[in-house]
Every structure is written in structure tokens, then in C-alpha cells.
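To keep things clear, I will list the structure first and then write my remarks on it.
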Amino acid sequence: MAASRTEAAKPTESGDTTLLFWSNLPDSISAEQIADLYRRRWSIEGMFQRLEAVLDSEIETLGNPKAALLGFASAVLAYNVLAVLKRSVEQAHRQILPDDWEASIFHLTVQVRSGYEGMQIALPPEPLSIPIPEAGLAPYLLTLAKNVLPKAVAKSKRGPKVPKPKEWLEGKAANAHVSTDRVLKAAKLKRP
Numbered sequence: 026m027a028a029s030r031t032e033a034a035k036p037t038e039s040g041d042t043t044l045l046f047w048s049n050l051p052d053s054i055s056a057e058q059i060a061d062l063y064r065r066r067w068s069i070e071g072m073f074q075r076l077e078a079v080l081d082s083e084i085e086t087l088g089n090p091k092a093a094l095l096g097f098a099s100a101v102l103a104y105n106v107l108a109v110l111k112r113s114v115e116q117a118h119r120q121i122l123p124d125d126w127e128a129s130i131f132h133l134t135v136q137v138r139s140g141y142e143g144m145q146i147a148l149p150p151e152p153l154s155i156p157i158p159e160a161g162l163a164p165y166l167l168t169l170a171k172n173v174l175p176k177a178v179a180k181s182k183r184g185p186k187v188p189k190p191k192e193w194l195e196g197k198a199a200n201a202h203v204s205t206d207r208v209l210k211a212a213k214l215k216r217p
């Protein structure tokens, strides 16, 4: 085990500019590399959280490990499809929207889910074969993505957290014993 030290480009939430890492990695791996790998790990953790929350990848009733694995693999595949849709929508509307505009995986999922039942009714039961144009799949996806309303799938920007005032109570008041008998007797005296 060895300690590594690095200077942060910008201060952390607590104002620290120096980061210390304790790891069992070889000395050839710098603290900057450890920090970068840790940041990437959290982006992957975020993907798994979205898989579970948006795509229901952890279905409780799938007790058989093979069934659970199939459900999870299906959710990962669906997430990859949604990631391609997200980037397609962002690129298709990049010229008319600001640079910081981002599509939401959640809102895209809601759009796909809400239209799926109608498609089941409207489309024939046999699989459709959609020919991919000679220009390729990417331009075709961008053409289709232009039909998506950006406002319907925009990522919601979270405002700053508003600090809540701490409500302190004196220990004497918090630990004061109230006798049920006294409360009942006082209530009887107040009645006319």
C-alpha cells in the first residue's frame, strides 16, 4: 500500500486542492491516473443506475440466475439503443439549439414506451424489413431524429441546492417527559 498525491485543477466541494490516494497499485501509476479512473468508474455507475431506474433491469421476480442475466443483458442492449438515439437527436438539432443542450435518456424512454402500444396495433405482426439507404445508417438516423421534438426530450437542469436552516431544539425540551395521565386530566378540566 502506498499513498499518492496530486493537485486538483479546481477545488473540490469542500475547497481542497490537494488530493491524496491510498492504493495498492504499482508506483508507476500516478495519482492523476487513479483520479481519472475513479471519475470514469462513476460514469459507469451512473449508467447502471439509469439501467435499473429507467429500464427496470433488476426485475425482482426473476429468481433464476439465467433469467436475471437475460433481463440485464436486454436492458444493456436497450440502453445502447437509447444512447444511439440520444446522440442522434442531439446531433440532428445541434444547429438550432445551444451547445449545452442535452437529450434525456429518461424522456426518450418515456417517448418510446408511450408509442410502443400504438405501434403494436398499427403495424402488422410479421417483422418489417426497413431497408437502410446506401448513404448509411447514421444519416438515416439523423433524418429520423429531426422529427423528434427537442422540448419533449430535453434534459432537466437542476437548480442549485437551497440550504435548509438547521432547526435546533434544546436538549431539555427534546428529552422532557410528558405524563399521559397529566395530559388527560388537563383535557378533562378544559371541557365545559
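In the working numbering, the protein residues as written are 26 to 217. Just so you know, even glycine gets a beta-carbon here, dropped at the ideal spot from N, CA and C.
Same chain, Cβ closer than 8 Å to residue i, five either side skipped, listed in chain order
i	result
Ser55	Ser29, Thr31
Glu57	Thr31
Ala170	Leu110, Ser113, Val114, Gln116, Ala117, His118
Arg66	none
Glu151	none
Gly40	none
Residue i (DSSP reduced to helix, strand or coil)
i	result
Trp47	strand
Ser113	helix
Arg66	helix
Ser181	coil
Ser39	coil
Ala92	helix
Arg119	coil
Ser29	strand
Ala201	coil
Ala292	With the chain running from 26 to 217 in the structure shown, residue 292 is simply not present.
Ala34	coil
Ala212	helix
Ala56	helix
Ala128	strand
Leu102	helix
Pro156	coil
Gly161	coil
Gly194	The sequence shown places Leu at residue 194, not Gly. DSSP places Leu194 in coil when its eight states are reduced to three.
Which listed residue (the options) has its alpha carbon closest to that of residue i
i	options	result
Asn229	Thr42, Ile59, Gly40	Absent from the structure is residue 229, since the part of the chain shown begins at 26 and ends at 217.
Lys180	Val135, Thr168, Ile146	Val135
Pro156	Leu148, Pro149, Pro150, Leu166	Leu166
Leu44	Pro90, Asp61, Pro149, Ser53	Asp61
Leu122	Leu148, Val178, Gly71, Ser139	Val178
Phe73	Ser154, Pro188, Ala98, Ala147	Ala98
Ile106	Ile130, Ala198, Leu209	Per the sequence presented here, residue 106 reads as Val, with Ile not at that position. Of Ile130, Ala198, Leu209, the residue nearest in Cα terms is Ile130.
Pro158	Thr168, Pro149, Lys215, Glu151	Thr168
Leu153	Ala160, Met144, Gly161	Met144
Environment of residue i [buried if 16+ CB atoms lie within 10 Å]
i	result
Val203	exposed
Tyr104	buried
Leu133	buried
Ile146	exposed
Ile69	exposed
Close Cβ partners of residue i (< 6 Å) along its chain, the five nearest in sequence each way excluded
i	result
Pro185	none
Val173	Val114
Gly124	The displayed chain sequence assigns Asp, not Gly, to residue 124. Excluding positions up to five away in sequence, the list is empty.
Ala128	Lys111, Val114, Glu115, Val178
Nearest-angstrom Cβ-Cβ length linking residue i and residue j, presumed shorter than 8 Å
i	j	result
Leu76	Ala108	Actually they are not in contact, since the Cβ atoms of Leu76 and Ala108 sit about 11 Å apart, beyond 8 Å.
Pro51	Thr42	Contact doesn't hold; Cβ gap of about 26 Å is too wide.
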